[in-house]
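Undergrad: Numbering follows full-length UniProt numbering, in which position 189 of the sequence shown is assigned residue number 189; successive positions increment by one, without gaps.
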Amino acid sequence: MLKTLLAIEDDGVSADFAGPRLLPAELGAECAARADVYRLLAGAFVEEPGPSFVQAMRRPEVLQSLAGVGVRFDVDFTLPDTESLVERLACEYTTLFAATGGFPPVESVRLTGRYRQDPHFKVGQTYAKWGFALHKGRFEVFPDQLGVELMFVAELLERCSLALARGDEADYRRLEREVKRFWTQHLGRWVRGYARLIEQAAEHSFYREMARFLGGFADEEIAAMGLRIDDLDHGRAVVPKAEIRVEFNPDEPVCNSCEGAPTGPSRAAPVHTLHDLR
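(1) How is the alpha helix (DSSP H) around Phe-121 delimited, first residue to last?
(2) Would you decide whether Val-75 is buried or exposed? Buried here means 16 or more other CB atoms lie within 10 Å of its CB.
(3) How many Å lie between Pro-119 and Val-191 at the Cα?
(4) Name the DSSP beta bridge partners of Val-106, please?
(5) Ignoring anything shorter than 4 residues or poking outside the region 192–250, list the alpha helix (DSSP H) runs there in chain order.
(6) From Tyr-172, Gly-50, Val-239, pick the residue whose C-alpha is nearest to that of Glu-158; which is it?
(7) Which residues in the same chain have their Cβ closer than 6 angstroms to the Cβ of Val-54, if we skip the five residues on either side of it in sequence?
(8) How big is the Cα-Cα spacing for Arg-21 and Lys-241?
(9) Any heavy atom of the ligand FMN closer than 6 angstroms to the beta-carbon of Leu-23?
(10) Can you tell me the Cα-Cα spacing of Glu-199 and Ala-165, whole angstroms?
(11) Determine, using beta carbons only, whether Val-106 and Asp-144 come nearer to each other than 7 angstroms.
(12) What do you reckon, are the CB atoms on Gly-235 and Gly-188 nearer than 7 angstroms?
(13) Buried or exposed for Arg-212, please, with buried defined as at least 16 other CB atoms from any protein chain shown within 10 angstroms of its CB.
(14) Sorted by chain position, which residues of the same chain lie with C-beta nearer than 7 angstroms to Phe-73's C-beta, five sequence neighbours on each side aside?
(15) Given Arg-34, which residues of its chain have a CB within under 7 angstroms of its CB, disregarding the five upstream and five downstream residues?
(16) Within a Cβ cutoff of 8 angstroms, which residues of the same chain sit near Phe-108, ignoring the five residues on either side of it in sequence?
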C-alpha cells in the first residue's frame with residue numbers, strides 16, 4: 001500500500017518518475033511526493049494497520065520525516081512491541097470507525113447519515129471511468145471510504161507523474177483537472193471536518209496525529225490547487241439521517257390484474273418523501 005515514503009514492497013506502479021509548470025522533472029517529482037502522502041494517509045484509515053505498516057511507520061527515518069511536518073507520536077506508538085501495538089491499534093480502529101457509536105470514515109455516512117447514498121455511487125462511476133477496480137482486502141470497503149478515495153487520488157497523481165515523464169502535457173492536464181474535480185465533489189466536502197472530529201475523539205496518539213496530519217494536508221492541497229470548497233461535515237459527532245426520496249407514478253399498475261384497466265392521460269410522477277420511522 002505504501003511505496004516510496006515507507007519503502008514497503010507491494011504490487012505497485014513503477015516508481016520510475018521523472019517529469020512540466022516548474023520544470024517537467026520537478027513537477028513530476030512533486031506529483032510523486034504528493035502521491036506518497038496520500039498513500040500514507042490511506043494506509044492509516046482504510047483498515048486496521050498490519051505488522052508491516054506498523055514496522056515501516058516506526059522506522060527512525062520515517063518518524064523523523066513525520067516529525068518534520070509536525071506529526072509526533074507518543075510513547076503509546078513508539079515503545080510497545082509490534083504485536084502488542086497492532087492489537088491495540090485494531091481495537092482503536094474498531095472503536096473509532098466500526099463499532100456502534102463510532103465515526104465511519106465513509107463519505108455517504110458523514111454527509112447523509114446513511115451508507116450507500118449518492119457519493120457511494122458517484123465515486124464508483126468515477127473509478128470505473130478511469131479504469132480503477134475496487135478489490136476486497138481483509139474486509140469489504142465502500143467506494144466512498146476515506147482510504148479508498150485517498151488511494152484513488154494517489155493513483156491519479158502517479159499517472160500525472162508518468163505523463164510528465166513521457167512529455168504528454170495534455171494527459172497531465174486532464175489528470176490534474178480530475179484531481180481538482182474529485183476534491184471539489186468529494187474529499188473537500190468532508191475530510192477537514194472529519195479530521196477534526198477524529199483528532200478530538202482518538203485516544204491513541206497514532207490516530208490523533210494522523211487525523212491532525214490529514215486535516216492540515218487537506219487544507220494545503222485545497223489552497224495549492226486554488227479551490228474554494230465548503231466543509232459540509234463540520235466535525236459533527238452525530239450526523240442526522242437524510243430523508244430518503246423516492247419517485248413513483250401513482251397511475252402505474254401494481255399487479256397484472258390491472259393490465260386491462262383503462263388508462264387516463266399520464267401524469268408526471270410526483271416526488272414523495274419516505275420518512276425513516278425507525
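For each residue, glycine too, the CB sits at the ideal point set by N, CA and C. Because the structure is a prediction, the values reported are computed rather than measured.
TA: Quick look at the numbers:
(1) Position 121 of the sequence shown holds residue 121. First-last of the alpha helix (DSSP H) with Phe-121: 118–129.
(2) Start at 1 with the first residue of the sequence shown, and residue 75 comes out as number 75. That one is exposed.
(3) Here residue 119 refers to the residue found at position 119 of the sequence shown. Here residue 191 refers to the residue found at position 191 of the sequence shown. Answer to the nearest angstrom: the Cα atoms are 13 angstroms apart.
(4) Here residue 106 refers to the residue found at position 106 of the sequence shown. DSSP lists Gln-145 as the beta-bridge partner residues of Val-106.
(5) The region 192–250 contains these whole alpha helix (DSSP H) runs: 205–224.
(6) On the sequence shown, position 158 is the one that residue 158 refers to. Nearest C-alpha to Glu-158: Tyr-172.
(7) Looking up residue 54 in the sequence shown gives position 54. Cβ neighbours of Val-54 beyond the five flanking positions: Thr-82, Leu-85, Val-86.
(8) Within the sequence shown, residue 21 is the residue found at index 21, counting from 1. Within the sequence shown, residue 241 is the residue found at index 241, counting from 1. Caution applies to Arg-21, whose pLDDT of 48 falls short of 50 and renders its modelled position unreliable; the model cannot decide the point.
(9) Ligands displayed in this structure: none; no statement on the ligand FMN is therefore possible.
(10) The count along the sequence shown starts at 1 and reaches residue 199 at position 199. The count along the sequence shown starts at 1 and reaches residue 165 at position 165. Going by the C-alpha atoms only, they are around 38 angstroms apart.
(11) Taking the sequence shown and counting its residues from 1, one reaches residue 106 at position 106. Taking the sequence shown and counting its residues from 1, one reaches residue 144 at position 144. Cβ atoms of Val-106 and Asp-144: closer than 7 angstroms.
(12) Taking the sequence shown and counting its residues from 1, one reaches residue 235 at position 235. Taking the sequence shown and counting its residues from 1, one reaches residue 188 at position 188. The answer is no: Cβ separation not under 7 angstroms.
(13) For the purposes of this step, residue 212 is taken as the residue at position 212 of the sequence shown. With 16 or more Cβ atoms within 10 Å of its Cβ, Arg-212 is classed as buried.
(14) On the sequence shown, residue 73 is found 73 positions in, with the first residue counted as 1. Excluding sequence neighbours, Phe-73 sits near Ser-205, Phe-206, Glu-209.
(15) As a first step, residue 34 must be located in the sequence shown, where it is residue number 34. If we look at Arg-34 and ignore the five residues flanking it on each side, its Cβ neighbours are Leu-157.
(16) Taking the sequence shown and counting its residues from 1, one reaches residue 108 at position 108. The question names Phe, yet the displayed sequence has Ser at residue 108. If we look at Ser-108 and ignore the five residues flanking it on each side, its Cβ neighbours are Arg-114, Tyr-115, Arg-116, Gln-117, Asp-118, Pro-119, His-120, Phe-142, Asp-144.
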